[in-house]
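Below you'll find the structure, written out as structure tokens, and then a few comments.
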Ligand code: 3PG
Ligand code: MG
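Residue numbers (the numbering used here): 6 to 406.
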């Protein structure tokens with residue numbers, strides 16, 4: 006189904022060196038402490054499997070967007086990530102302070118079967134984002150097998166994702182278990198989903214999601230809109246949106262998407278509106294247009310009921326983007342209640358797929374992540390995978406089945 010070979014196709018593990026590219030780009034607080042380790046936990050089955058079979062795991066990832074200033078970039082060192090990985094694996098994890106070079110060669114050479122080495126942040130190396138073949142050639146020497154378990158980074162044509170597997174000529178280049186699962190679930194959504202298919206789409210900007218919406222439209226039976234992109238659609242259809250957040254330069258685009266959708270797009274019937282952007286705001290529920298002086302912060306109760314009943318009719322649901330200003334408690338009802346509906350329909354047999362960093366965090370904050378069929382580890386990669394009909398740069402260079 007995924008079209009790609011995975012770790013399952015490897016038979017020779019003992020003493021072999023596995024270069025495992027993961028996406029440990031976890032959220033950090035201002036001191037560099039990890040605030041959510043979901044992406045680390047998601048890659049454990051792959052790493053554990055390699056270690057259990059006596060492989061040597063050389064684990065590599067980027068972290069954040071370092072600027073090339075060592076002082077400011079210090080919070081992006083991989084030390085805390087390596088420590089958390091060690092706790093989760095319950096075994097020692099070594100770490101190098103470099104990506105390539107003599108210290109890394111030495112560290113790789115002393116690795117024993119069942120041991121783990123974490124390389125320094127790949128983006129500290131100037132070759133990473135340039136997809137540099139020379140850096141790739143150096144890294145390629147460290148591995149007997151290349152494993153991509155970094156679904157969240159597969160939309161980046163970067164050295165560790167692209168040039169490196171290319172440089173490992175004649176050696177296996179396979180998907181890890183996380184990538185394999187993502188491709189199975191999302192591939193099924195694109196190719197052969199159980200119908201009806203309903204998409205629930207929120208978030209601030211239409212402009213971020215044009216290609217995503219265009220790719221979804223022919224595949225879904227309904228596309229329910231929430232979040233601030235609601236107001237761009239409303240305005241494009243000539244409705245008043247008061248002081249709501251709105252992309253005024255995207256009205257033409259919103260109107261053309263609306264036309265292309267042939268009635269599949271559903272907009273909220275009512276809105277929770279507020280007079281300011283914090284929990285102490287005055288709020289009210291309005292139907293249709295939004296009065297001056299007020300701005301939309303969540304879908305209203307009638308819309309929650311309408312969208313819940315649409316979701317209950319679905320056999321497959323794909324959800325991206327909170328439907329309200331979820332971080333502020335009084336504005337979080339829509340997102341909460343629809344997440345609850347998704348949890349319920351999942352237990353009744355519907356396939357529910359949640360994608361995009363913010364949406365995954367919302368579902369997790371509500372304690373409902375385990376109750377969805379699949380919560381993708383991809384943010385941009387999830388959107389791009391759908392938008393590009395199942396193609397991402399880093400997938401091109403993995404071994405085909
Ligand atoms: C992500 O979180 O989107 C991936 O880890 C890729 O990171 P990037 O957006 O900084 O390239
Ligand atoms: Mg990103």
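By construction, the Cβ of each residue, glycine as well, lies at the ideal position given by its N, Cα and C atoms. Here the structure is a predicted model, which is why all the values come from computation and not from measurement.
Quiz item: Near residue 185, what residues of its chain come up, given a Cβ to Cβ distance below 7 Å and the 5 sequence neighbours on each side ignored?
Solution: Cβ within range, chain order: 7 and 11.
Quiz item: Using the rule of at least 16 other Cβ atoms within 10 Å of the residue's Cβ for burial, across every protein chain shown, is residue 329 buried or exposed?
Solution: Buried, because 16 or more other Cβ atoms sit within 10 Å of the Cβ of residue 329.
Self-check item: residue 230 (DSSP reduced to helix, strand or coil)
Solution: Reduced to three states, the DSSP call for residue 230 is strand.
Exercise. Could you tell me whether the Cβ atoms of residue 306 and residue 275 are closer together than 8 Å?
Key: Yes; because the gap between Cβ atoms is below 8 Å, this pair is in contact.
Quiz item: Is the Cβ-Cβ distance between residue 221 and residue 228 less than 8 Å?
Solution: By the CB criterion at 8 Å, residue 221 and residue 228 fall inside the cutoff.
Quiz item: If residue 176 and residue 149 are in contact, beta carbons under 8 Å, what's the gap, nearest whole angstrom?
Solution: Contact between residue 176 and residue 149 holds: CB atoms are separated by about 6 Å, below the 8 Å threshold.
Quiz item: Who are residue 276's beta bridge partners in DSSP?
Solution: DSSP, once it has assigned bridges, lists 291 and 304 as partnering residue 276.
Exercise. Return yes when at least one heavy atom of ligand 1 lies under 7 Å from the C-beta of residue 389, else no.
Key: In this structure, the C-beta of residue 389 stays at least 7 Å away from each heavy atom of ligand 1.
Exercise. State buried or exposed for residue 76, treating a residue as buried only when at least 16 other CB atoms are found within 10 Å of its CB.
Key: Sixteen is the threshold: since fewer than 16 other Cβ atoms of the shown chains lie within 10 Å of the Cβ of residue 76, the residue is exposed.
Quiz prompt | Touching by the beta-carbon criterion (3+ pairs, under 8 Å), the segment 318-328 and the segment 199-213 | solution = Segments in contact, yes.
Self-check item: Beta bridge counterpart(s) of residue 325 as assigned by DSSP
Solution: 206, per the DSSP bridge assignment.
Quiz prompt | Residue of 360, 19, 375 and 172 minimising C-alpha distance to residue 204 | solution = Looking at the Cα atoms, 360 is the closest of the given residues.
Practice problem: Spatial neighbours of residue 233 within its chain, please: CB distance less than 6 Å, with the 5 preceding and 5 following residues excluded, ordered by chain position. | Solution: Counting only Cβ-Cβ distances below 6 Å, and skipping sequence neighbours, we find 209 and 250.
Self-check item: Among 18, 382 and 79, nearest to residue 34 - alpha-carbon criterion
Solution: It is 79.
Practice problem: Run the CB neighbour count on residue 17, radius 10 Å, all protein chains shown included, and call it buried at 16 or more, exposed below. | Solution: By the Cβ-count criterion, residue 17 is exposed, with fewer than 16 other Cβ atoms from all chains shown falling within 10 Å of its own Cβ.
Quiz item: Listed by chain order, which residues have C-beta atoms less than 6 Å from any heavy atom of ligand 1?
Solution: Listed by position along the chain, the residues with Cβ atoms less than 6 Å from a non-hydrogen atom of ligand 1 are 28, 30, 70, 157, 158, 161, 384 and 385.
Quiz item: Hey, residue 118 and residue 61: beta-carbon distance below 8 Å or not?
Solution: Pairing residue 118 with residue 61 gives a Cβ-Cβ distance under 8 Å.
Exercise. Assign residue 165 to one of three DSSP states: helix, strand, or coil.
Key: Coil at residue 165, not helix or strand.
Self-check item: Every unbroken alpha helix (DSSP H) within the segment 370-405, with a cutoff of 4 residues, ordered by chain
Solution: Taking only runs of at least 4 residues, the alpha helix (DSSP H) segments lying wholly in the segment 370-405 are 385-392.
Quiz item: Any idea what DSSP makes of residue 154, helix, strand or coil?
Solution: In this structure, residue 154 counts as strand in the three-state DSSP scheme.
Exercise. Using three-state DSSP, classify residue 11 as helix, strand or coil.
Key: The answer is strand: DSSP assigns residue 11 an E or B state.
Practice problem: Verify whether the separation of the beta carbon atoms of residue 182 and residue 51 is less than 8 Å. | Solution: It is a contact, given that the beta carbons lie within the stated cut-off.
Quiz item: Considering only the beta carbon of each residue, do residue 190 and residue 379 sit closer than 8 Å?
Solution: The answer is yes: Cβ separation under 8 Å.
Quiz item: For residue 357, which of helix, strand or coil comes out of DSSP?
Solution: The answer is strand: DSSP assigns residue 357 an E or B state.
Quiz prompt | Any 3 or more C-beta pairs closer than 8 Å across the segment 157-166 and the segment 391-399 | solution = Yes, the segment 157-166 is in contact with the segment 391-399.
Quiz item: In its own chain, which residues sit with a C-beta less than 7 Å from the C-beta of residue 335, not counting the 5 before and 5 after it?
Solution: Setting aside the 5 residues that flank it on each side, residue 335 is surrounded in the same chain by 284 and 288, each with a C-beta closer than 7 Å to its C-beta; the list follows chain order.
Exercise. Flag this pair as yes or no: are the beta carbons of residue 304 and residue 339 separated by less than 8 Å?
Key: It is a contact, given that the beta carbons lie within the stated cut-off.
Exercise. Would you give the residue range spanned by the alpha helix (DSSP H) that residue 23 belongs to?
Key: DSSP places residue 23 in no alpha helix (DSSP H) but in the uninterrupted beta strand (DSSP E) bounded by 22-27.
Quiz item: Could you give the distance in angstroms between the alpha-carbon of residue 124 and the alpha-carbon of residue 235?
Solution: A direct Cα-Cα distance of roughly 43 Å separates residue 124 from residue 235.
Quiz item: Are the Cβ atoms of residue 322 and residue 344 separated by less than 8 Å?
Solution: Contact: no.
Quiz prompt | Check whether residue 201 and residue 318 have beta carbons under 8 Å apart | solution = The answer is yes: Cβ separation under 8 Å.
Exercise. Give the DSSP-derived three-state secondary structure of residue 262 in the structure shown.
Key: Residue 262: helix per DSSP, three-state reduction.
Quiz item: Which one or two residues does DSSP pair with residue 180 in a beta bridge?
Solution: Answer by DSSP bridge pairing, in chain order: 11 and 153.
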